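Visitor: Got a structure here, written out as structure tokens. Questions coming.
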Amino acid sequence: MLPFEISPQLPLLESCKTIKQAFQVHAQIILNGFQHHVFPISRLISFFALLGSEEGLNYSQIIFCQIEQPNQFIYNTMIRGFSHSKFPEKALVFYSSMLHQVNQSPNNFTFPFLLNSCARLSTLKPGIQVHSHIIKFGFDLDLYVGNALMHFYSVFKHLNDARIVFEGSLVRDLVSYNTMINGYGLVGRPGPALRLFRKMQESGIVPDEFTFVALLSAFSSLDDSRIGKQIHGFVYRNPSCVDSNGLLKAAILDMYAKSGLMDLADRVFSSMASNKSTAAWSSMISGYARRGETAAARRMFDQMDRRDLICWTAMISGYSQSGQYSEALELFAQMEYLGIRPDECTMAAVLSACAGLGALSLGERLHGRYIGGELCSQNIILSTALIDMYSKGGKIDSSLHMFHRIPKGLRTVSLFNSMISGLAQHGLGKSALAVFREMESVGLGPDSVSFVAVLSACSHSGLIEEGKELFRSMLDVYGIRPHKEHYGCMVDLLGRDGCLDEAYDLIRSMPFEANSVIWRALLGACKLHGNVKIGEVAAQKLIELEPDHGAHYVLLSNMLANTNKWEQAVRVRKLMEDKGIQKPPGWSYTEFQGTIHWFLASDKSHLQDKRIESMLHDMAMQLKSAGYVPNTAQVVFDIDEEEKETVVSYHSEKLALAFGLVNSSTGETIRIMKNLRVCGDCHSAFKLLSKIYCREIIVRDASRFHHFKNGCCSCKDFW
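Everything in the sequence shown is counted per the working numbering, starting at 1409 for the first residue and increasing by one.
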């Protein structure tokens, strides 16, 4: 009998528009007694399993469970259906069931679907086991199975394994080459991708649009856009590839945008059809944002008729990367209001903005709402972002807790760097060294960033010998040549310890000219230890490098004032005035009930100004009773001592503290962020105030964190 004679209802499946209509066809098959015939049932399972809906897959499982002996086609259909679903791991369950079925074994159609499922899992192990089964059943030389294996290894960035499969293939087609070229692009290896493309041409295989998209993706991460331009030229010599291909044009645009060539990117963008893809818009937004042109990026964003999650993420990331953290969080709030759920890329950008602002309560809310416990420990991008957010928000214990929850096998160098950097900011040098040693013990070699973080930790904690040994080991042990950042850390380390001559000698022995960061570290150390001679040399170098930067003049003036060289200090301030150079304004902020409250020195514009003023008076009285005398040495204005005391009492961090004391509960920790280094007077006052009001006060200044508690500071007056 012919198939349609077995069940005349089967042709109706082809015309079904909804799942309900398919249910009716199934009902007719049952009514006509064909529910035990393999052919109609296999067609039904195929229809429901490949419908692309969760309801269809569930229904196909119900039918499957009613079959006594499913055949190879039915098993393959179920594996294929789950390979594209939200539950790819279930494909492995059906494969296991197939292996236990008598007289049933996988074929060359089974493994491509199965490997597609494995590529969507979070771990490599199941795919490796499937690879061993491929060899066992003799399908390792099959073209389609080989292509699926290459794709699987490429997804997990195991390009060496993918290349072994590629080289072992007896036959290679266009998909084989495209898979490998795309894989090299994923891991940022454009060289092998280009060599493979040339080999492909030599083999007589004609590239298609997917080849060029993969090549362009591989070269878009390079600063050098010359090869990308050559690929663009090759594409345009083959008009059939690009004329109506939006995907390829979007890849060309993305390559130019990532290379910073926005004029060329804009030219490609303008040549695209009026219904431009959201990918093209996102590339333009990201390109402008990457160049720091966030206003241009926002204009592109606002011009869009329809915005998907990628566009929102591109704009939020642009703001976050350019340091416009408030704008990033405001835009995210709009996205939330519209009911758009963020993905891991969005959350990484938003958490970065929270870290930059020190918006701890917002970061904690986002952590609780969007990021589950298991996801935290398995997703390294989010874990790293959370560790950074908690560190910069002042909760270093939470950062450590996050770090220790992540399985050791999943930890990366970037994750370790984030943890070491956080510990360094909090002055926990010995803990930072312990994490650095742990990184070495698990076989992860430190990189240049690792050494900046750990040397900074040594500097903030006064670990002189440990810092020197680490600096020596960079080249001797790890083959990493120190850069300016590493020398800057060493100058800071030596300078803080009072080894100013040694620090100055190190600068003069460097294989390159010192930058402003290095000279500023030396000048800061000279101010700390009162070494005017070397300090003036450092200040002169700073003024030569950045003649309009007011902070250098202020630092020199304060150093002179600290050593009672009042006339010279006044002359420096006069020089600033004559040149029209302004001192960078000092500001502080604190977070209360999800809102950031900003304060400028001597500012009285806050809505709670009266309550803040009253608390400032109470703070001054309490300090006076405790025997505290304001340190006015750095106030070099020609005013009397009482006025100088008033000036220091209205520093921005004291205004923020007064606001925090007024609005928080007894015993609650107060967190303050400041754009400049905390001054000596505020530092001394905060130590006493932490004891007077029985509060822990955490201040993040331009240099590090200060944890004030019970009359002491975590920096041990070393900052």
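Ideal Cβ placement from N, Cα and C applies to all residues, glycine included. Since this is a predicted model, take the numbers as computed values, not measurements.
(1) By Cβ distance, which residues of its chain are closer than 6 Å to H2059, with the 5 residues on each side in sequence left out?
(2) Counting Cβ pairs closer than 8 Å, one from the segment 1967 to 1974 and one from the segment 1988 to 2006, do we hit at least three?
(3) By DSSP, does S1996 sit in helix, in strand, or in coil?
(4) Check C2087 in the structure and name its three-state DSSP category.
(5) Sort L1522, L1656, S1513 and K1666 by Cα distance to S1679 and report the nearest one.
(6) When the Cα atoms are used, what is the spatial distance from H2114 to K2124?
(7) Going by CA-CA distance only, name the one from D1909, H1868 and S1856 that's closest to L1883.
(8) If we call anything under 9 Å between Cβ atoms a contact, is G1771 one with Y1798?
(9) Are the segment 2074 to 2090 and the segment 2020 to 2037 touching by the rule of at least three beta carbon pairs closer than 8 Å?
(10) Please go through the same chain and pick out, in chain order, the residues whose beta-carbon is closer than 6 Å to the beta-carbon of S1829, but skip the five residues on each side of it.
(11) Counting C-beta neighbours from all protein chains within 10 Å, is the total for Y1585 16 or more, i.e. buried, or is it exposed?
(12) Report the CB separation of A2064 from R2085 in whole angstroms; it is logged as a contact under 8 Å.
(13) Mind checking who I2106 pairs with in its DSSP beta bridge?
(14) Would you give the residue range spanned by the alpha helix (DSSP H) that H1812 belongs to?
(15) Quick check on E2053: does DSSP put it in helix, strand or coil?
(16) With DSSP collapsed to three states, give me the class of I2004.
(17) Could you check the C-alpha separation between L1931 and K1941 for me, to the nearest Å?
(18) Can you name, in chain order, every residue of its own chain whose Cβ lies under 7 Å from the Cβ of T1587, other than the five neighbours on each side?
(19) Since F1879 and S1858 should fall inside the 8 Å C-beta cutoff, what is the C-beta to C-beta distance between them, to a whole number of angstroms?
(20) Hey, out of E1846, I2004, F1811 and S1826, whose CA is closest to R1769's CA?
(21) So, helix, strand or coil for C2121, using DSSP?
(22) Between the segment 1618 to 1627 and the segment 1597 to 1605, are three or more C-beta pairs nearer than 8 Å?
(23) Could you pull out every residue in the same chain whose Cβ sits closer than 7 Å to the Cβ of S2098, ignoring the five residues on either side in sequence?
(24) What do you reckon, are the CB atoms on P1615 and L1582 nearer than 9 Å?
(25) Straight-line CA distance for R1977 to E1944?
(26) Which one of L1964, K1803 and R1698 has the shortest CA to CA distance from G1726?
(27) Ordered along the chain, which non-local residues of its own chain (more than five positions away) have a Cβ less than 7 Å from that of C1526?
(28) Whole angstroms is fine: what's the gap from S1513's alpha carbon to N1524's?
(29) Got a sec, what are the start and stop residues for the alpha helix (DSSP H) Q1477 sits in?
(30) Pick helix, strand or coil for F1844, following the three-state DSSP scheme.
(31) Give me the residue from S1694, P1919, D1900 and A1767 with the minimum Cα distance to R1354.
(32) Alpha carbon to alpha carbon, how far is I1779 from A1736?
(33) So what's R1699 in DSSP terms, helix, strand or just coil?
(34) Using the C-alpha atoms, what's the distance from L1551 back to I1449?
(35) Just the Cα atoms here: how many angstroms apart are D1865 and D1900?
Guide: According to the structure data:
(1) These residues qualify, in order along the chain: A2009 and C2090.
(2) Fewer than three Cβ pairs drawn from the segment 1967 to 1974 and the segment 1988 to 2006 lie within less than 8 Å of each other, which leaves the two stretches out of contact.
(3) Note: S1996 maps to strand in three-state DSSP.
(4) C2087: coil per DSSP, three-state reduction.
(5) Closest option to S1679, Cα to Cα, is L1656.
(6) Roughly 9 Å separates the two Cα atoms.
(7) When only C-alpha atoms are compared, the closest one is S1856.
(8) In contact: G1771 and Y1798 (Cβ atoms closer than 9 Å).
(9) Between the segment 2074 to 2090 and the segment 2020 to 2037, the count of C-beta pairs closer than 8 Å stays below three; the two stretches do not touch.
(10) The residues are A1861.
(11) Answer is buried; the Cβ neighbour count reaches 16.
(12) Not confirmed; about 15 Å, so no contact.
(13) Bridge partners of I2106: R2079 and H2115.
(14) Counted as a single uninterrupted DSSP element, the alpha helix (DSSP H) harbouring H1812 occupies residues I1804 to R1813.
(15) In this predicted model, E2053 has a pLDDT of only 45, less than 50, meaning its place in the structure is not dependable enough to derive any value.
(16) Per DSSP, reduced to three states, the secondary structure at I2004 is strand.
(17) For the pair L1931 and K1941, the Cα-to-Cα distance works out to about 10 Å.
(18) Same-chain partners within the cutoff: N1555, M1558, H1559 and S1562.
(19) That pair is no contact at about 13 Å.
(20) The question names Arg, yet the displayed sequence has Ser at residue 1769. For the residues E1846, I2004, F1811 and S1826, the minimum Cα distance to S1769 belongs to I2004.
(21) Strand, per DSSP.
(22) By the criterion of at least three beta-carbon pairs nearer than 8 Å, the segment 1618 to 1627 is in contact with the segment 1597 to 1605.
(23) Within the same chain, Cβ atoms closer than 7 Å to the Cβ of S2098 are found at E2104, I2105, F2116, K2117, N2118 and G2119, the five residues on either side in sequence being excluded.
(24) In terms of Cβ geometry, P1615 and L1582 form a close pair [threshold 9 Å].
(25) Residue identity check: residue 1977 is Ala in the sequence provided, not Arg. Cα-Cα distance, rounded: 12 Å.
(26) Ranked by how close their Cα comes to the Cα of G1726, the residues L1964, K1803 and R1698 have R1698 in first place.
(27) If we look at C1526 and ignore the five residues flanking it on each side, its Cβ neighbours are P1534, G1535, V1538 and F1560.
(28) When rounded, the distance between both Cα atoms is 19 Å.
(29) Element bounds for Q1477: n/a, residue is neither H nor E.
(30) Shown here, F1844 sits in a helix according to DSSP, grouped into three states.
(31) For residue 1354 there is no data in the structure shown, the boundaries of the chain being 1409 and 2127.
(32) Between the C-alpha atoms of I1779 and A1736 there is a straight-line separation of about 19 Å.
(33) Three-state result, R1699: coil.
(34) Their Cα atoms are separated by approximately 30 Å.
(35) The question names Asp, but residue 1865 in the sequence shown is Ala. The alpha-carbon atoms of A1865 and D1900 are separated by roughly 11 Å.
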